[in-house]
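Novice: What the sequence shown shows, in the working numbering, is residues 21 to 479, in sequence order.
Virtual Cβ for every residue (Gly too), placed ideally from N, Cα, C.
Quantities reported herein were computed from a predicted structural model and do not represent experimental measurements.
Quick one: structure below, then a few questions.
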Amino acid sequence: MTGNYMAQGQEDAGTQEVVIRFPPRQTSSSGELRRQKRDWVIPPINVPENSRGPFPQMLVSIRSDKDRSINIRYSITGVGADQPPNEVFNIDPEKGKMYVTKPLDREERSSYHLRAHAVDMNGNQVEQPVDLYIFVIDMNDNRPEFKNQIYNGSVLEGSKPGTTVMTVTAHDADDITTSNGMVHYRILQQTPHIPISNMFTINRETGDIVTVAAGLDRERVPQYTVIVEATDMEGNLNFGLSSTATALIAITDINDNPPEFTQSTFTGEVMENSVSVVVANLSVVDKDEPRTPNWNAVYRVVSGDTGRHFTIRTNPENNDGMLTVVKPVDFEMNRAFMLTVVVSNQAPLADGIQSSLQYTAGVTVSVKDVNEAPVFPENPKMVRFEEGVPAGTIITTLTARDPDTFMQQSIRYLKLSDPANWLSINGTNGQITTTAVLDRESVHVKKNIYEATFLAADN
């Protein structure tokens, strides 16, 4: 409290009463009164919050030196007196004793600025008003409050000790310049206790949660639950007030588990000439988080498929490799394929992780024969003759080849189309013989060409 007035202690009935006197005035050489200048500072009026009374509780006495000669009436003005909240403070108008009428709450209002007045019985001012500053002294009546009751954080599995995970924050409504409002943190509990019970620590002043031990493994523990306590009084557990919050720490996956084939060899079969057919399903296991690049399998055929007949697509649901024919295979050329396939992930392996010995597998694909139709090597076949050739003339021999070389089959020949009925074919050897005289002027001859169609069929 500053002002040009005095504050002094005065013994009154065994208790010390603080008396504030209006500053005396000096008389100038011209005879007029003027206020005496002073350069000292008077302490403020300090009132502890949450006082139990009894109320009204006297704080100080306001006095004018003129009260020896005239009757003085005292009053106070300002917020907390004649302005809302009214009547927090009042004053005995005759004795000048100022009171607080109820418990104060520093968190509601930390200080008050009042003015004390002295007038005579006619209401005339006899002293200049005096400024009164009342400070509400903080008590530790508020426990720390976390901004959230549940905090969510994450940290990569395999993180080194000292890795910051997350920050929790608690606020204390008490005076932060005193220990009442100074909050410290500690970890009460970690669940589960794997691999040890204190995988994390917390900075007692900042609330930063940090890894303190190695061994974070998502495949073993995907999430930790940590109970954090905030205590004021700088963490004094005997006198401080406390509250708790929960930190949920998710262990984020890294690619520390390479995919492994469930078996060393697989088998499949495919009908020759088929395309877009899945011939074998290749299964793998991967302990990393499903449906992420660390888990998604990528397959390749690295040997045994020089003709590039196969590709491997990944089933997004179960991560299986679907060995698929993309180019027709010929039983007569390849009765089986011996493939070597490898598997990896979309994401590269984490540093220090080596591929598994089970990242390769063999696949045997058997090709099933299909009864293919005989084929004419020369088709269409052109034969030249003069018109007038008599019936019974052999004009050519058709020879068909059966692609099914591993099947003993006979070929028979049939006439499919002969518009003028001029030709016949030997069903066994394919000889074509005229059955009538060839006539160039026939309506069945177009641009000097007569066209007939023959068929070869196996048994």
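Leaving out five residues before and five after Ala420 in sequence, what residues of the same chain have Cβ atoms less than 6 Å from its Cβ?
Specialist: Around Ala420: Pro394, Phe396, Ile431, Ala476.
Novice: I need the straight-line Cα distance from Gln428 to Asn301, nearest angstrom please.
Specialist: Answer to the nearest angstrom: the Cα atoms are 34 Å apart.
Novice: Going by other Cβ atoms of all chains shown within 10 Å of its Cβ, with 16 needed for buried, is Glu239 buried or exposed?
Specialist: When all chains shown are included, Glu239 counts as exposed.
Novice: If you count every other CB in all the chains shown that lies within 10 Å of the CB of Thr282, and 16 or more means buried, which is it?
Specialist: Under this definition Thr282 is an exposed residue.
Novice: Please name the residue, chosen from Pro368, Leu343, Thr226, Asn142, that lies closest to Thr287 on a Cα-to-Cα basis.
Specialist: The option with the nearest alpha carbon to Thr287 is Leu343.
Novice: Taking 8 Å as the cut-off, does the stretch 309-324 touch the stretch 400-419 (at least 3 CB pairs, one atom from each stretch)?
Specialist: Result no; under three Cβ-Cβ pairs closer than 8 Å.
Novice: What are the boundary residues of the beta strand (DSSP E) that Glu289 is part of?
Specialist: Looking at the DSSP string, the run of the beta strand (DSSP E) that includes Glu289 is 285-291.
Novice: Count the other CB atoms, across all protein chains shown, that sit within 10 Å of the CB of Ala136; report buried if there are 16 or more and exposed otherwise.
Specialist: Counting Cβ neighbours within 10 Å, Ala136 comes out buried, since at least 16 surround it.
Novice: Report the three-state DSSP secondary structure of Asn66 (helix, strand or coil).
Specialist: Three-state DSSP puts Asn66 in a strand.
Novice: For Ser71, name the three-state secondary structure that DSSP assigns.
Specialist: Three-state DSSP puts Ser71 in coil, outside helix and strand.
Novice: Anyone know if the C-beta pair for Asp158 and Asn200 falls short of 8 Å?
Specialist: Yes, they are a contact pair.
Novice: Could you pull the DSSP bridge partners for Tyr171 from this structure?
Specialist: According to DSSP, Tyr171 bridges with Ala267.
Novice: Buried or exposed, going by whether 16 or more other CB atoms sit within 10 Å of the CB of Asn468?
Specialist: Exposed: under 16 other Cβ atoms inside 10 Å.
Novice: CB-CB under 7 Å to Leu436, same chain, minus the five flanking residues each way: which ones, in chain order?
Specialist: Excluding residues within five positions, the ones whose Cβ falls inside 7 Å are Thr473, Phe474, Leu475.
Novice: Using only CA atoms, which one of Glu225, Glu114, Thr231 lies nearest to Val18?
Specialist: A question about residue 18 goes unanswered here, because the residues of the chain that appear run from 21 up to 479.
Novice: Span of the alpha helix (DSSP H) holding Leu252?
Specialist: At residue 252 the sequence reads Asp, which differs from the Leu that was named. 252-255 is the extent of the alpha helix (DSSP H) around Asp252.
Novice: Exposed or buried, what is Pro15 when buried is set at 16 or more other beta-carbons lying within 10 Å of its beta-carbon?
Specialist: Nothing can be reported for residue 15: it is not among the residues displayed for the chain, which extend from 21 to 479.
Novice: Which residue or residues does DSSP assign as beta-bridge partners of Glu280?
Specialist: Answer by DSSP bridge pairing, in chain order: Val305.
Novice: How about the stretch 187-194 and the stretch 248-255: do they share at least three Cβ pairs that are nearer than 8 Å?
Specialist: Yes, the stretch 187-194 touches the stretch 248-255.
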